[in-house]
Amino acid sequence: MPRKTTGQQQSQQSGAGHGNMGRDKNQDLTSIGPSLASKHGIQKRESDSGMSIVDSMQRRNSNAEIGLVNTSHGRGPQNRMVTGVLTNELEARTDEPDGNQIITTPQAPLDTRQVAKTAEAAPPDRIAEAERRIAEARRRNQRIEAYSSLGKPRRSRGTRTRGDPLPRVTEVDSVAAILCAGCGSNTHTLKGCITTISGDIRGCVFCNNMSHATDACGQFMDLSMGQRVKLLVTDRAGMPPILTEVPWWVWLYKFLTTPHTKGQPIPDAFPWRTEFARDIHDGKRGSKSVQEYQSDLDRSHDIRVLPPDERIQIMDDVFSNFWDVEGRVWPARLNELPSLTEANAETTTSAHGNINVDAPATAEVERYRDTIVRLSMELCEKDKEIESLKKRLA
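Under the UniProt record's numbering, the sequence shown has 239 at position 239, and the numbering climbs by one with no breaks.
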């Protein structure tokens, strides 16, 4: 007698002894009742080619190997399957601790900027391995040193773990590392920049960013008077000045008139005037562009490759350009010359023989003499102007 079907073709029925849900022909059926497939006629989904039809699947790229994954409800077969719904997913794993490596690992295969970052807690064996590496690094005393404006190294602080990270989606741009917050160069920081439209270097040379001024930074406030003068005057000699609320020549004047700084080295070179720095930027001074001068400075780290500001070479120039204009008198400390008796008694030996150390003192005397003559001439000019005004008023 032919077997009955439940409204479907017998070739499509999955019942006892039919298709892949059938029992073994040699199995004892006396103690087993009818199956669900026999009762309800559950249909299998199969294409003419013998491949299973699934609701959806994804094409995944994991570590540069492409594979298909059944993402239907309840999953099911993972091979010999077809579907009308297909999506792409980029997946990659890395054990590298570096954040850039984590991002670029999945970016490279499909050339995409959209990256889904999923962080998973490391198993205990990996945590133990990480702790072992940290301990080894500490034993080797590995550290990163960042140099302050004074050239003194300071150690960086090691980061501590802050619990399990959370997954997030990030838009990643492929950009080059920018070191200078002022001009965007990757060959120097703000501390070594000479490119300025305004004539002075704005932002913070400690933090290398534009969020605040140098003298508003806590690191600047921690400096002594002498260290501040070194930062603003000596370290910027022959370059554009750093913009501060109190300008560099006022700091220098305070340094020269404060008792506790007596005996400390006095600067003998000074920053450019802002007018000169603007002219360099605009190409009105010098034989090169500001970009060429900056490139020369980055390669040599020698300010002698830069054009000098001839109007600000000695302390007298600081007086005439800044202090005198603001009504400040000549600092008395600059008038305190070394004792000529002591200078004549001391000599020093060099490769060229004995050199009398009173030569610098003589040069100082000549410079002060020239200053006195210049100031006298200026006073004479002022007197002439006063007499001229009196005649006009009369």
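All C-beta atoms, glycine included, are put in the ideal place defined by N, C-alpha and C.
Tell me the DSSP bridge mates of residue i?
| i | result |
| --- | --- |
| I386 | Answer by DSSP bridge pairing: none, since I386 is not bridged. |
| N335 | Partner(s): none; N335 has no beta bridge. |
| N208 | Bridge partners of N208: none, in fact. |
Is residue i helix, strand or coil by DSSP?
| i | result |
| --- | --- |
| P360 | Here the model assigns P360 a pLDDT of 45, short of 50, so the residue's position is not dependable, and the following value carries that caveat. Three-state DSSP puts P360 in a helix. |
| I201 | strand |
| I280 | helix |
| I242 | strand |
| G182 | coil |
| S295 | helix |
| S300 | helix |
| W323 | helix |
| D215 | helix |
| A135 | helix |
| T234 | helix |
| T274 | helix |
| V329 | coil |
| L375 | helix |
| T195 | coil |
| Q227 | helix |
| E129 | helix |
| R392 | helix |
| D309 | coil |
| T261 | helix |
| D317 | helix |
| K288 | coil |
| R143 | Low per-residue confidence applies at R143: pLDDT is 45, beneath 50, and the placement is therefore not dependable, though the value from the model is reported in the following sentence. R143: coil per DSSP, three-state reduction. |
| K152 | Any reading at K152 must be qualified, since the residue scores a pLDDT of 48, below 50, and its modelled position is unreliable; the value itself is stated next. Residue state, collapsed to three classes: coil. |
Where does residue i land, buried or exposed, given buried means 16+ other C-beta within 10 angstroms?
| i | result |
| --- | --- |
| L232 | buried |
| R228 | buried |
| R236 | buried |
| H188 | buried |
| H281 | buried |
| Q294 | buried |
| V290 | buried |
| G327 | exposed |
| S185 | buried |
| C380 | exposed |
| G76 | exposed |
| P265 | exposed |
| M221 | exposed |
| D200 | buried |
| K230 | buried |
| E136 | exposed |
| K191 | buried |
| I134 | exposed |
| A181 | buried |
Establish whether the CB of residue i and some CB of chain B are separated by less than 7 Å.
| i | result |
| --- | --- |
| L379 | Reference to chain B is not applicable here, since this structure consists of a single protein chain. |
Is it the case that the CB of residue i approaches a heavy atom of the ligand SAH more closely than 6 Å?
| i | result |
| --- | --- |
| T257 | You won't find the ligand SAH in this model; it holds no ligand whatsoever. |
Cβ pair count under 8 Å reaching 3, the region 280-289 against the region 247-265:
no
Looking at C-beta atoms only, is the number of pairs between the region 264-279 and the region 308-326 that lie closer than 8 Å three or more?
Yes: the two stretches touch, three or more of their Cβ pairs being nearer than 8 Å.
Counting pairs of Cβ atoms below 8 Å between the region 258-268 and the region 207-217, do you hit three or more?
They do not touch, by the three-pair rule.
For the structure I just gave you, are there three or more beta carbon pairs, one from the region 297-313 and one from the region 323-331, closer than 8 Å?
no
Any 3 or more C-beta pairs closer than 8 Å across the region 198-209 and the region 292-306:
no
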